[in-house]
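Peer 1:
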Amino acid sequence: MKRYLIATSILENDILRIADEVDQVLMAGVDVIHIESNCIDSRSIGCKISRALRDHGVKCPIDIHLIGETSSELIESYVKAGATSITICPETVASIDQSLIQIKDADCNAGLALPYPFILSEYSHYLDSIDQLLFLLGDKELMSDVLIDIANVDSIRNKTNDRFRVQAKGGITASNVGALARAGVDTFILDKVAFSEHDYYTGVSMLRKSIAQGLA
0 MKRYLIATSI
10 LENDILRIAD
20 EVDQVLMAGV
30 DVIHIESNCI
40 DSRSIGCKIS
50 RALRDHGVKC
60 PIDIHLIGET
70 SSELIESYVK
80 AGATSITICP
90 ETVASIDQSL
100 IQIKDADCNA
110 GLALPYPFIL
120 SEYSHYLDSI
130 DQLLFLLGDK
140 ELMSDVLIDI
150 ANVDSIRNKT
160 NDRFRVQAKG
170 GITASNVGAL
180 ARAGVDTFIL
190 DKVAFSEHDY
200 YTGVSMLRKS
210 IAQGLA
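Okay, here's the thing in structure tokens:
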């Protein structure tokens with residue numbers, strides 16, 4: 000049976016309280032910690048956060064989304080900092096193939112991120128060599144064409160028996176996770192706003208309930 004994962008981005012967290020907040024979200028049922036590396040000095044900040052979480056005792060997967068110019072040295076830095084998975088943006092690397100190979104050779108899961116509007120035809124040949132495909136929804140209202148694109152990828156995945164995960168990030172709430180799950184998303188990346196009206200445990204519980212209802 001497919002396992003649906005909930006990840007939370009720590010980009011908006013108070014940097015002085017990140018360890019405490021990560022402990023809280025993990026206790027609430029979050030599965031994955033997501034670090035979006037788009038800071039000006041991403042290597043010193045993002046890598047230090049990842050390493051600090053590992054030193055703090057965090058055992059869950061740490062998922063890195065690299066934004067901006069991405070070098071092999073930056074990828075290596077995140078591998079050494081304890082990353083479990085690293086997702087690249089196709090337009091920011093010198094070679095998609097070499098970057099994916101480097102990530103996988105380091106025993107990390109490798110992913111591609113696609114911004115909206117999604118041009119799947121340009122990247123479909125990578126689906127059999129990645130571990131995760133990240134749809135960047137951009138905090139927009141969920142539109143039917145988005146769900147169609149996700150469903151098309153899910154159909155390809157099922158036909159080819161590929162095992163890559165389908166992630167979605169941007170505007171994820173309890174009101175749309177059901178539709179996203181039906182379309183094929185199995186990893187939901189939340190920002191802090193998703194918890195703004197509730198405690199972490201209640202927020203995660205509401206999301207899991209909505210996913211189950213969407214799949215019923």
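Going by numbering that gives the first Met the number 0, the sequence shown opens with residue 0, and the numbers climb by one from there.
Just so you know, even glycine gets a beta-carbon here, dropped at the ideal spot from N, CA and C.
1. My guess is that V176 and S209 are in contact by the Cβ rule of under 8 Å, so how many angstroms apart are they, rounded?
2. Could you spell out the range, first to last residue, of the beta strand (DSSP E) harbouring T7?
3. Rounded to whole angstroms, what is the Cα-Cα separation between L4 and Y115?
4. On the CB-based measure, 16 or more other CB atoms within 10 Å of its CB, does I61 come out buried or exposed?
5. Would you call L52 buried or exposed, if buried means 16 or more other Cβ atoms sit within 10 Å of its Cβ?
6. Going by the beta-carbon positions, is the gap between G67 and T86 smaller than 8 Å?
7. In this structure, does DSSP put G202 in helix, strand or coil?
8. Assign D96 to one of two classes, buried (16 or more other C-beta atoms within 10 Å of its C-beta) or exposed (fewer than that).
9. Given L136, which residues of its chain have a CB within under 8 Å of its CB, disregarding the five upstream and five downstream residues?
10. Helix or strand or just coil, what does DSSP make of R181?
11. Taking the straight line between their C-alpha atoms, what separation do you get for A80 and D130?
12. Output the distance between the C-alpha atoms of S71 and S94, rounded to the nearest integer angstrom.
Peer 2: According to the data block:
1. 5 Å
2. Unbroken beta strand (DSSP E) run through T7: 4-8.
3. 22 Å
4. buried
5. Classification for L52: buried.
6. no
7. Residue state, collapsed to three classes: helix.
8. exposed
9. Y115, V145, A167, K168, G169, G170, I171
10. helix
11. So the two alpha carbons sit approximately 20 Å from each other.
12. 10 Å
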